[in-house]
Each structure stands twice: as C-alpha cells, then as structure tokens.
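At the far end of the sequence shown sits residue 777, using full-length UniProt numbering, and the numbering has no gaps.
No residue lacks a Cβ here, since even glycine has one placed at the ideal position from N, Cα and C.
Okay, structure first, notes after.
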Amino acid sequence: MLKKRSSASNSSRNSQRIAFSWLGMVCLFLALLSFQWLSAPSSPIETNILKLLPKNQQNPVAEQAFEAVSDNLSDKVVFVVSAPDSEQSYAAAESLTHSLKDLTVFANVTGKVEATQQQQWADYYFQHRFQQLTSEQRARLTTQPEAQVQHVIQSIYNPFSGVTGSELSQDPFLIFRDYLSQLTQLGGAFTLTDGFLSREYQGKTYVLVNATLNQSPYSLSAQQSVATIAQTEQQIAATFDADVYHTGVLFYAEFGTQSAKSEISTIGVFSLLGVIVLILGVFRSAAPLSLALLSIAIGLLASFAVTISIFGTVHLFSLVFGASLIGVSIDYAFHYLTERLAAGNKWDSEKGLKHIFAAITMGLITSLIGYMGMMIAPFPGLQQLALFSSVGLIAAYATVVAWYPILAKAPTPNRPLPGQSLWKKWLSIWQKPKVRLSLPLTCLALALIPMTSLTYDDDIRQLQAMPESLKSQEALIAKLTGVTSSQQMLVVTADDDESLLVRLELLGQTLNQWQQDKTINGYQSLTQYIRSEQTQAADYELVSQLYQNQADLLTRTLKLEKTPQLKETLSPVSLQSYLTQSVSEPIRFLYVGQVGQQVASVVLLNGVTDLEVIKAFVAQHDDLSYLNKAEEISELFSEYRTKVMELIVIALVVIGAVLTKRYGFAHATKILIPSLIACVAGLAAASAVGSTLNLFNLLALILIIGIGIDYTLFFAEKARSPSTLLAITLSAMTTLLSFGLLSLSQTHAIHSFGITVLCGIFVAWLLSPLAIQENKS
C-alpha cells in the first residue's frame, strides 16, 4: 500500500514538474511574441507575394535585376481619366492630380507637366543635341549627308512641321527636333497636349496621371489608402461625368490582403464555432470546451512566436493555411476528452493519458513527417507554413500531455457516449469481410475515373487572386499606353559603364531586327536615351562634317545671311552623369549597377511572340541572360512537384518502416491503405471539379497521409473502442471544416489545396476501421 502511495506521489510530482516546465515555455513564447510585436517598426504580418518566392541562387545578377525592376514597377500607380469631351477630361485629370497630391501615400503625382519642367528636359537634351543622333540620322549623315539639307527644306515648306526662325538659327540642320521626336515616341502612345499626356482613342480623350508611392505597396498603411483613393475617384467621376481607371501593384496587393484576411477570419471563426458546437453537443460541459480552446490558443501562440523569430515575419499566405491548424491541433484534445467521457466516474487522469499516449505520439510523429516534408521546397512561404503548423501541433500535443492530467482530474458523470449505438453498428459492419474488401475497392475505383483527365498547371500566378475588375482596367490602360506590365527581360553585364553602353548598342541592332520580324513588339533599353561616349564622339564627328561640307549648300538653298557654324564643342555625357539628371528618373531602374566585379543593366521586352529565338540568342552569349521571374518560379514549381512526388514515396517508406516495426508488415499495410486511397481520392476530387493540379495538391497529399494515418493508428492501438471512433469522427469533422473552408478561397492554389484535403480526409476517416485487427475484441 505504501509503495502504491509512494508511486502515485512520485507520478503526481512528475506531472507537476512537466506541467510547470511547459508553463515556463508558454510564458517564454508569450514574452517573445509580445516583444516581437511591440519592438517591430511595423506589423510582423507580411503581405508581399514576392516574399513567398525563392532567391535566384544561381544568378545573383538576375536576382538583383529583377528586384530593381519589380521595386520600380511596384511603386507606380497609373490613372487614366476620360470624360465626354476633351476639356472635361483635362479638367478632371487636373482635379484628380490635386486630390491625389493631398494623400500622404504618394511621394509625387504627375498630371500636368509644368512648363518649367518641360523646359528643363528640353534644355538638357538641347545642350547635347550634336552628340545624340537617331539611328536614321546616323545612317543618313554617314551615307548621304547632303540628304539632310533636303530634309531641312522639306520640313520648312511643310505647313504642319512648325519650324520657326528661332529654331532654324539655333539648329539649322534640324538635328534636335528629330531626336526629340524619337524620345517622345519612346514614351508610348500618349502625346503632350496642353501639358497633359493624352491620347484620342475610339472618339474619346484619355488623360494620363502617374503617381509614385512613398512606401511599399505591400505595407498595410499603403493599402489602407486604397479606400480613400476609391472615394477620390468617385468624386471626380461624379463632378466631371468622367470615367477613372487605375492599375498598379498597390490595388492587387490590397485585394490579396483583404481576401486573405477574409479567408483567415472565415476559416478561423467557423472552425472555432464548429469546435464549440461539437464539444458542447458531445460533452455538454464548458470545461472540455475551455480545455480544447486552450490547446488551440497555445498552439497558435507558439506558432507565431517561433515563426516570427526565425523568419522575422509571418506571411498572410501562411496564415490562411495556418488558420486551418485549429481543426488539426484539436485532435489530441478530442482523444483525451472522449477517453474521459467514456470512463465516467472511474476516470483516472494519469491512466487516461497513458491509455492514449502511444497513439497520440505516433499520430504526432506521422503528422510532423507530413508537415515537415514541405521544408524541402525552396519557397519561404511553404517553409513558413511547415514551421507554423509543426510548432502548433507540437504545442497542442504538449498542452494535452502536460496540463490535461491536472486540469481534467475530475471525472464526468456516467452516461452513454453520444451516438454509441450508431458507432457500434458502424464498427460491426466493418467485421464483415465483404465490406472490408469492397468498400476500399469501390472508393479506389470511383477515384480512378476522374484521374484519367488529370492535368497540371504550375503557373505561379495561381498564388494570387486576380479580380476581373482590376484585370480589365489594366488591360485597357495597357491598350491605351501601348506598354504592358511584362517582366520578361534581358540582363546585360559588362566590366564598366562605358562597356555596358557599347554592349547595349550592339544588342540594340538585334532587338530592332526582332521588332521588324515581329519576334517582339518593342523593348526599353538605356541606349535609347543615352549613348556610349564612343558613339557620342562619333555622332559629334558626323555633325561636324555635316557643318563643314553641307553648310554652304544649306546657306545657298535657304539664302541665309550667315553660313552656319558648329560652335558647340564635344562634351561627352557619362552614364553616371546622365543618371543624376531629372530626365533620367523614369528609366533609372534599367541600370542595375555594380554586381560583384561587373555592372549590369536590363532590357525590358514587350509582346514576346517567339521566345525560342530569344533564348537561342542568349545561349550564345555569356554576357546575356534571359529573365522572366514568373516563368522561372513556375519551372521551379514543376521541378519540385516531381521532387515532392519522390518525397511522398520516401515519407510512406519511412512511415511504413516505423509502423512495421511496431505492428508487423500485414497490419502496417492495413494502416497505410486508407491513406493511400484517400490520396487518390483527393486528387480525383480536385480534377473532377475542374481544378488543374499543381505543387500544392501534392503538398495536400502529405497532409492527408500525416493526418489520415492518425485515424488508423488509433484503431490499431485501441481496436473497436467506440470512444476511438467518436474521437476520430470529431477530429475529422473539425479538419474537414477547416480545410473545406480553404476550398472557398478565391486563390486557385488554396482552393485546389482545400478540395484535395477535404475529400482525402473524408475518405481516410471512412476507411480508417480497416486498421482494426480481427483478433482483437
């Protein structure tokens, strides 16, 4: 008797030590999270979709180039205003400009270009007019310099050319006007009218207003301004009877954030409501509800604290998936609480834990194998999700093991388990050999039918919701401006700035040929705006010879009083000097700068129609590389989809080995079969509803295996216990609720993931009694 009491006393002390140790860890998590939240300059919630993507480790130049371009493009917001007549359009654009300038979210807003600014730009280029020629001018002055005189005569007698006496006296060969015209054409389809960039399209005048954000479009404070911008647009539309269109990363980022918040709140709220309703309905007491919510809260607390400590932030994308953790982390609580309910007034909290300890521990291990499998993918978002979910499960498990034996000491009144007769009937059905054979085979056969139309799509854009309203506005603005938001580009490297410009000039010949061949619709390169010093000197020499050899002819033809003379001296403009000028601001992002021992620049490609030609050309030149981030990540998705398939096989082998050691080969096979059929069913369901499959569907299979094996493990450990089937059913219901809500997501990848898990978990639950050994009572 004394030994029993001593043993019980030691057990109680051990339980208390474990409980207080876990309490210390929880307090540490709480302090850590509080410090992280209070010390961070901004919210540790990350919304930038690009942060989900891996770095390009093989080509740091390409990665830096992409960041330079994406940062520049993401900061831009474009508005287009159109009213019934042009005067109203200009007035609406001017009013919109003033209203946007009042918003603190914008660093600058450009609507009407002030005359002083136009003059500054014109003066800068005018100063260097004799060393910056167009390709057409260069060819003419090289082969037929006398043709420039004829060009001047035609321009003067053309009533629409607008040549003035002042212009002729300063630039008698009209070199500058052609160069200025080329620069204007590079700006797109909009032309400067009354200080506004505007365009006539389908009988209406469209006026352009550009704005630059003073912070990242992914910051929550910037996104909060979208509602104010919308109000401003509505006021302009009402006042001037105008249509206002907009595009920019800001609007997509804000939509994605709001969608994610909505999905997180929907999943979280409905999961919690489901848990509350189930617990109150089954256990009829507030105490089990409090314990279950405690497990969920501790799991989420630990997940946040550890994830922010390692990654610095938690991405909203991870939280959307992490919100479904509620339905998984509650499993361990359900098994303990149903064990307590089944024991009634004979309940012993320590023995109860021992009774389920092996099953929940094996369940945790298999679930962790499933979640941690995501860590192999080089996508920060997936790694975050794996860490967030794994830590949450461990914390929920530890809460049950450490605290439940103390917090749930009191027994429950003796009463039948809810639905006990139903559970017994269901388990008795599984005693029939025909059912044990036919039901799994039927599920497998039904799942194989949709598998015949299985298709894969690894496009990275499936990670982002794309509302039709924003896409239609972006398409209209792209049509008006003639400029698309394509991020297909060439990255060019050289030893120094001058060599870089020389290389870009040489590349420009190929680009022009591609444009003529319709391989591309257009491109944007630094050397369209600033030539190499070598070319500037050659251009100046051509102009100098033009004055020497053709000035007399021009004087006689136009009957000038004085023979034109070239008084300006050569003053080459370096690339660095040009980049400090205000005129270079719109295209500075094309210059990547120093990368290691080299300098780099990007050339944006518009309307690529034959990518193979471009890739073949790039493959022949070591100083060129083709970059399309979306395509690159999509290829990685495809590559890692294959690797995840291999991972699933490896995970199954590892899990199978663990199970075989404990249960023997035959029994381990029965434990695995329901999860395998569930995987096929999950993919089939996603395919049947028209979803294309991707990496995320395969990641869903890892979860199905990890969670589904939990169900069979409990039957393997506890055989035909009705409390086991009740606990598994409650777990499955909360899991189905959590992941089922993911299927309602507007983001295709999340939607497809949810469908796969929803169907897979249901089939895993349905077939879980297959793991019951017939020789057990």
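Pair within 8 Å by beta-carbon distance, residue i and residue j
| i | j | result |
| --- | --- | --- |
| Gly740 | Leu758 | yes |
| Ala211 | Val81 | no |
| Ala343 | Pro411 | yes |
| Ser74 | Val249 | yes |
| residue 781 | Leu511 | With the chain running from 1 to 777 in the structure shown, residue 781 is simply not present. |
| Tyr626 | Lys643 | no |
| Leu701 | Cys679 | yes |
| Glu254 | Gln223 | yes |
| Ala651 | Ile705 | yes |
| Gly392 | His315 | no |
| Pro172 | Gln545 | no |
| Thr712 | Ala619 | no |
| Gln528 | Leu605 | no |
| Thr104 | Val209 | no |
| Leu490 | Val602 | yes |
When the options are compared against residue i, the one with the closest alpha-carbon
| i | options | result |
| --- | --- | --- |
| Thr609 | Val592, Ser295, Trp514 | Trp514 |
| Leu500 | Leu476, Ala475, Glu533, Lys471 | Glu533 |
| Leu506 | Gln473, Ala408, Leu624 | Leu624 |
| Phe251 | Met375, Lys434, Val275, Ser221 | Ser221 |
| Ala685 | Thr724, Gly352, Val763, Lys471 | Val763 |
| Phe106 | Gln131, Ala122, Val77 | Val77 |
| Leu439 | Ser318, Ala727, Ser768 | Ser768 |
| Ser219 | Ile772, Thr660, Ala242, Gln258 | Gln258 |
| Ala65 | Ser687, Ala771, Val599 | Val599 |
| Asp457 | Ala292, Phe637, Leu736 | Phe637 |
| Ala93 | Val244, Thr747, Gln131, Gln144 | Val244 |
| Gln536 | Ala333, His98, Ser89, Gln132 | Gln132 |
| Thr455 | Ser265, Ile267, Thr247, Arg641 | Arg641 |
| Leu737 | Leu272, Ser198, Leu725, Gln420 | Leu272 |
| Gln170 | Asp710, Arg531, Leu566 | Leu566 |
| Leu558 | Leu168, Tyr90, Ser89 | Leu168 |
Helix, strand or coil at residue i [DSSP, three-state]
| i | result |
| --- | --- |
| Ala68 | helix |
| Asn697 | helix |
| Tyr206 | strand |
| Asn549 | helix |
| Thr247 | strand |
| Gly312 | coil |
| Ser271 | helix |
| Lys432 | coil |
| Thr452 | coil |
| Met733 | helix |
| Val654 | helix |
| Tyr332 | helix |
| Phe762 | helix |
| residue 840 | Given that the chain is displayed from residue 1 to residue 777, the structure contains no residue 840 and the question cannot be resolved. |
| Lys518 | coil |
| Tyr125 | helix |
| Arg5 | Bear in mind that a pLDDT of 49 at Arg5, under 50, signals an unreliable position, so the number given afterwards is only what the model happens to contain. Residue state, collapsed to three classes: helix. |
| Tyr218 | coil |
| Leu504 | helix |
| Ile772 | coil |
| Val163 | coil |
| Phe196 | strand |
Nearest-angstrom Cβ-Cβ length linking residue i and residue j, presumed shorter than 8 Å
| i | j | result |
| --- | --- | --- |
| Arg129 | Tyr179 | 7 Å |
| Tyr404 | Ile360 | 11 Å between Cβ atoms; not a contact. |
| Ile236 | Ser86 | So it is not a contact: roughly 16 Å between Cβ atoms. |
| Met645 | Gly274 | Rounded, the Cβ-Cβ distance is 33 Å, inconsistent with contact. |
| Leu301 | Leu28 | Actually they are not in contact, since the Cβ atoms of Leu301 and Leu28 sit about 10 Å apart, beyond 8 Å. |
| Ala681 | Gly760 | 6 Å |
| Ser329 | Leu385 | Not quite, the Cβ-Cβ distance comes to about 14 Å (not below 8 Å), so this is no contact. |
| Asp194 | Ala83 | Not a contact, Cβ separation roughly 14 Å. |
| Tyr540 | Pro564 | That pair is no contact at about 16 Å. |
| Phe283 | Leu364 | Not quite, the Cβ-Cβ distance comes to about 23 Å (not below 8 Å), so this is no contact. |
| Gly690 | Leu672 | Their Cβ separation, rounded to whole angstroms, is 30 Å, which puts Gly690 and Leu672 out of contact at 8 Å. |
| Leu726 | Leu417 | 6 Å |
| Leu683 | Leu693 | 7 Å |
| Ile298 | Ala395 | 5 Å |
Residue i: CB within 7 Å of a non-hydrogen atom of the ligand GDP
| i | result |
| --- | --- |
| Tyr179 | Summarising the ligand content, the structure contains no ligands, and the ligand GDP is consequently not present. |
Original post:
Can you list the alpha helix (DSSP H) stretches of 4 or more residues lying completely in the region 525-581, in chain order?
Top reply: For the alpha helix (DSSP H) assignment, the uninterrupted runs of no fewer than 4 residues enclosed by the region 525-581 are, from N- to C-terminal side, 533-558, 575-579.
**OP:** Any chance you could list the alpha helix (DSSP H) runs of at least 4 consecutive residues sitting entirely within the region 396-429, in chain order?
**Re:** For the region 396-429, whole alpha helix (DSSP H) runs of length 4 or above, ordered along the chain, are 420-429.
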